[in-house]
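Chains as they are written, first to last, in my numbering: chain A, 27 to 365; chain B, 27 to 365; chain C, 27 to 365; chain D, 27 to 365; chain E, 27 to 365; chain F, 27 to 365.
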């Protein structure tokens, strides 16, 4: 089984621990980005994963490629060119203080790559799944066009296509998002969203949901999934359900809706080490479950367990094996020493 | 609006993370001290803040000045002389293990500065507020005298004067504290205290309060505030209410008493990154609120939100903007990623 | 009062913070091992402690000796020879992700030391107590034999002998453990076990106990202690009761059973910094209490308080004084700053 | 005495020690840039220094401002706006391996600031000196225009104007440089250049000089200075003379040419800690000397001593006092412990 | 072009900077080993490189595989099994203090791998070159046998075979080495040795050479190469010539002898960052030169330049591109900043 | 053989690498002080070493004791009391920038210990040698008196007494030093001095010596030694000869004068890692040589080799074995890897 993802991989610059930006003159420097995170997760699960992007032909771009290669992600169709690696600055929140992200990703190699720069047909040959997120088309008109080319090519090649809506207000407005994403949805089979996305992108809202207050309503989410399915004909809709008690404590669960039925996962009270990439690791879990033919409940339990564990891992990438996710999904959340 | 504070700024030497003293041969080396912390907090809130102290004319003293200047605190009336920068060693507690402070602040420049060394009149010109804590007069007979000179000069210049009682048993006895602090109280308009101070300094106790056990009683605190007000004629009394569940988990709130009425803030369950300076950041919040003419409730909510956030910040200084404190006071404690 | 322990001290290689193995190219490198941990704990409590082991005659072995010496543990009867210092790799768990231990301790100096290599008679001269764990005889046939020689010599010299069963499935099977441990039990006065040991080693189980789920049953443990006492004639049986809510949150308590009576300690909800060595610090607490003639309840309260505090300390060694343990046992768990 | 500089301050991201880019996932994150470095140097020498630039209104921009303020540099006329803080990645060379710089400074706030964005007239009021480098006009057409506006305004306000040619081949071609710089030179009184600049920018070459081979010829440099003086009517020309033996070992000296005479400084064999900013610290030394009315020889000796010491300091900024530079210029290069 | 190497990759545990072993409780943890180093070097030069070894099926073994994969080395024929990853502890020397290596590599997966465990025939299919060192057969009788199988298979498959004698006195005696290595030499085309190896392994000595004193004699080395060639029929003999002035300062050069002629390289005075792996990077340079058909002088200049640069790189691996080595070989040793 | 030393052990706070004071908010925190350094050195050489001092009864004092104990130094006669551990801040120099020491050692436990606080008679029982430095009597009138008591007691107990003059201008004037030291010299058998001490303390100068310029004259030093011997009747005078080329490069050698003859050691060009404690490690070498009955030349060669190696070790303590010093004295200064 092989999955391909397309999007941006950024240099992530984060102060150590819970320091504020530049409280000390040092940044943790790792790499991350929605679709890259999914590719790495899938590779850890044992899926053949390929990541397509554009990176400049300098040492920072090369380091991004090497990092992906380390996890076994295929990188041979990454286009080298353009001017810069996109950056995001991340300050980890703590207790009542929220995490903070500053984007410095404009003019990156992928954002400026001309439509048609990528050989998707080749990448999709022999592949089963294509995944992208709503961040990629938000980067520039060029990436929107390239994403469309990718989605079309994937459909033509017979792949299952998934999209994580992933709305980012710093990248585009709801209006822009809606216009672009609507066009893309026709190629999408599996739609993933968190508690805000469907609302912000398509104006589809779960009744009785107060996102900031962290209250979630099951029926509301089923309704959202139904509406999405009716509007775009999705095969499945997956929704992550995050209750944010504080920057340290969240309750994490999800719903998978398909064939008119919703499966809700167990809820995990997570004490957070690093929550960035949580949604991406969930997407990877859904893809893994569906690729392996897991049923609805088993798929959502696997995906939530895998992404629950992501919250205990530093960095965007989910350094978790399928066996570890299965062990947790199977009920062992005690965190006892394995020795 | 301008506020002036007077006191000691120390070198703070703390092991990394939760290590015990010298478990590894390394100290985090930052600066802090009650009144310096208040000045930095106020500067972060956008108030013109000046800090008056004495520091030796060496590189360690210079580093303290530069650190203050970085935050925009005015340092031009800091007297350079004397022999040493005071030090406090801090070991962070964890779970049931308490934090530990070792003072090595005797013979510091400020503790040995002769009465009259500071040009308070100049510092207070154009200023609105003067703040000091009970730590400064505890340092030595000289600083007690200098604090008295400052308080008098502030009153004469028409400033509002606030004092955080801040009793420290390692610096003086209750008897010494009472004798010195009583004299100072006549110049004080706003008195801040934590759950032990009023008792230890003036023998005024909240009935039914068991400090070690962490139980707090609202009526008791109102009574304490009343007694303080009656005895010293304060315009306002602010009390921080800390329930210590463990070194990691506290519940934080406060009361502001004025004009015969008490306003109690929301309670925040904080998972602590660094609690040193929590009281100081609360003082800064009270000063900010009163300088801006906030009402009683808004003032205490702002001050508690600001100091709640302090618990998520490494170091003595509260690196929080007024906007961030207001956002929390406004109800968003979910700690969600801002991106 | 003097206590002697015999066993392996290993180099402990652990990533920083909550990183996974080699996520960054760096290991915290400290030393630890069941019996060494007990010796260090006892030395911190003011007991004359000696540790007997074998270490290679190279700089790594020397560093282990120096580390013990630093804590005041007597090291003069450590045999220098053999090929290597045993290693254990430790990855700290977080939230639902379990901690992970990889042993690389085969062929270590102690595991390959010939029977009779150690002068136990000399070590026991003037001593009151001998302690070992079930890990040492599990290392190799040679160490099993050496442990037997030690236990016999201790009994002959009139020492009280304690053993922490400490079953490790990566070192031997239950069958092997049972066969070897049974022989040793005849010399043992005080037996310590955690929730799994009695079951895994001797097939003695607490009814109604679900270890993974973290549920514990008081009567079941009393029954286990009774069975152990009846079978081996122990003077006392101590059992640690750990409820594992997650890798971060445990509830910690213990039972001490002697003269047909069980004393249960207070329960402490611990937010974990480092739980490795928790059981060893409990053993040291029991030994300290019994050496000092504390009664059953006082002993178990001291031991649990000391080991509760261990969970807040980085590394295997419990850097806690008897006074600190007594303060917690006495009721102050508020974690308030001591200054 | 007051000096003003105008240019870009960048975030400098450098691996620790002699690691290659991203060999470990960590960057030292400091700030630097030609004109900012000069401003900081001058402030350390006791000169009233102001730095004018544009920085985005986010936490990274704010950190740059705070860093400057820490050194006492005036920052009140820094324009806040635009999209990003420019970045340069720096990999320190070692032995035969050269240092490497990757620029990611396009689209920075200063590069995109419209002509006329800066209130130079106000900045120059009461000032004595204006300094810029050839890097600033190379950033964009807009900064070229802004630099021209600054130079004119400085001349009009009666300031002495200095320019460090600082040719950067990654920013523009020799042709572009020549065209733009020629226009600016009419406002310049003091020109600073290293061994390549005059050649690359104006085609003026020191005969017999082999830059890569590190051989320098005194007469050649005098000739270059003469040619520059004749062509642009400079009051003084200063040239740094760097013999690069390896990335670790350089021989450092300089020439100051004025009134038809050349003064050559002592030569310092430097073992390099960090050579970035060496030229900037030299400029600051020349400005300091000329502002203080030092004669030609004293000026160049001071400037070379100050910049020699820069090579021993981590980061772009020269954390050296005038007294330290004077002590070295006075002959004490022994590096003996001062205690 | 493809090259295959076979040998051990170890975990390298080194204190930071110039600290002695466990002076601080921390190790840099990277990977290295003669043949792995060569494979990584070749991959950096753009050669298709494959590394064959055995590693245990645990996270430490997996980390070794990932590190190799990061550099683009093919790892698909690495056998997973056995008990442990070999370790070497490295303490960097400084000035007159020598570097120190402690081996803890016994019983490693490769040392205990049965003869015939590796599918060399498959690895050599389509390959041009096979390289091993004298360390591999020294590990155990099994690896000696496996090395012999590899060398034979390589010859049969028509590959060029190179061997770096690399005598290690801690692994075997000269007698053992001679006996085993002699058998292997019949399959070797290119022999690499440092100043001691030929003497220690085959008793072939350069007259007038005093290794400890660091004096080298050109004619002596030619003579050694001649003797080696005559005795074993090598196509080429390469000798690294290291003059050890101190742990910090070496003079580095080499000789390549073939067709009865010797080419000596330039001499580089290196100020050392990390000299481990210097010889391996030289081997990779020789292989690269010969694979590319460089002449004798060009080959030795490339190999010496590449390995000269290795001395400036932390860790065993030579993170240097062919272009960088060529630039140095071409004469630019000035270490000037590339920007 | 047993040696006793008496003096102060301080907390040494130093920035990492070559950073200036508080350039980053972190200090390396180790311990050091002339006589403690000598005791540690001797313990590393295998001599039974005891250190006598006073330290406060807090965790910082305890850490100092533990650090000494780690090296095997006997600490049982250290008096616990007083207020503080003395501190010295150390900034390492680099190239032409000198190292810098700021003392904050006033009011330390030893400086305020009453005369008669120490039981020297007990410490000297069974001992062969007593060593102190000119720093101890310079701390306060009390320590001067205590040092006198120690020297007398040592003489009475038949020990050989050595003193390193170690003049520190920040502690006392030449006049004060001369007055106090003269009294002490009557008990001294072996006097150690560096190039400035004899001059600064007793006005005895080597003709033709220019200390700052780093030029040393052999005959001058012989003359100084003669004068010292004549004036105070020393059995031996040892002089370290340091040529300071820069903060990085020194040439290190020494002279030992006794029985009217001078032995000069080899000269070592050292590239410095940490030079603090260089003189102390030399003293330890002289004591070791004389205790072992080495002849004059062998003694000075051993002492210089040991202290040459000190320059390669981080921290005050010389972590060098006698075997390592002997190997260097024996001629192997090549710094080759030992493996």
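For every residue, glycine included, the Cβ atom is placed at its ideal position computed from N, Cα and C.
Give a yes or no on whether the C-beta atoms belonging to residue i and residue j are separated by under 8 Å.
i	j	result
residue 163 of chain E	residue 211 of chain E	no
residue 346 of chain C	residue 332 of chain C	yes
residue 153 of chain F	residue 30 of chain F	yes
residue 296 of chain D	residue 281 of chain D	no
Rounded to the nearest angstrom, what separates residue i and residue j at their Cα positions?
i	j	result
residue 132 of chain F	residue 112 of chain F	7 Å
residue 184 of chain A	residue 85 of chain A	36 Å
residue 259 of chain D	residue 253 of chain D	10 Å
residue 179 of chain E	residue 57 of chain E	27 Å
residue 46 of chain D	residue 146 of chain E	34 Å
residue 65 of chain B	residue 225 of chain B	27 Å
residue 123 of chain E	residue 41 of chain E	15 Å
residue 116 of chain B	residue 39 of chain F	15 Å
residue 109 of chain C	residue 130 of chain E	8 Å
residue 323 of chain A	residue 257 of chain A	24 Å
From this set, the options, which residue's C-alpha is nearest residue i's C-alpha?
i	options	result
residue 198 of chain A	A:229, A:160, A:41	A:160
residue 202 of chain A	A:220, A:228, A:304	A:228
residue 216 of chain D	D:34, D:51, D:352, D:310	D:310
residue 298 of chain E	D:53, D:119, D:82, D:106	D:119
residue 73 of chain A	A:28, A:101, A:36	A:28
Exercise for review: Can you check the region 151-184 of chain B for any alpha helix (DSSP H) of at least 4 residues that lies completely inside it and give the ranges in chain order?
Suggested key: Segments of the alpha helix (DSSP H) lying fully in the region 151-184 of chain B: 162-165, 167-182.
**Study point:** Every unbroken beta strand (DSSP E) inside the region 33-61 of chain E [3 residues or more]
**Key:** Within the region 33-61 of chain E, the complete beta strand (DSSP E) segments at least 3 residues long are 36-40, 52-58, listed from N- to C-terminus.
**Study point:** Completely contained alpha helix (DSSP H) runs for the region 119-147 of chain B, where each covers 4 or more residues
**Key:** Annotation: the region 119-147 of chain B contains the following complete segments of the alpha helix (DSSP H) (minimum length 4 residues), in chain order: 135-138.
Review point. For the region 44-75 of chain F, which residues have a CB atom closer than 8 Å to at least one CB atom of chain D, in sequence order?
Key: Residues of the region 44-75 of chain F with a C-beta atom less than 8 Å from some C-beta of chain D are 44, 45, 46, 49, listed in chain order.
Review point. Which residue spans inside the region 289-357 of chain B form an unbroken alpha helix (DSSP H) run of at least 4?
Key: List check, alpha helix (DSSP H) in window: 304-317, 322-336, 348-355.
**Study point:** Secondary structure, beta strand (DSSP E): runs of 3+ residues fully inside the region 251-291 of chain D
**Key:** Within the region 251-291 of chain D, the runs of beta strand (DSSP E) at least 3 residues long that lie entirely inside it are, in chain order, 262-270, 275-284, 287-290.
Exercise for review: Check distances from the C-beta atoms of the region 336-347 of chain C to those of chain B and list, in chain order, the residues that come in under 9 Å.
Suggested key: Under the 9 Å Cβ criterion, the region 336-347 of chain C contributes 337, 338, 339, 340, 341, 345, 346.
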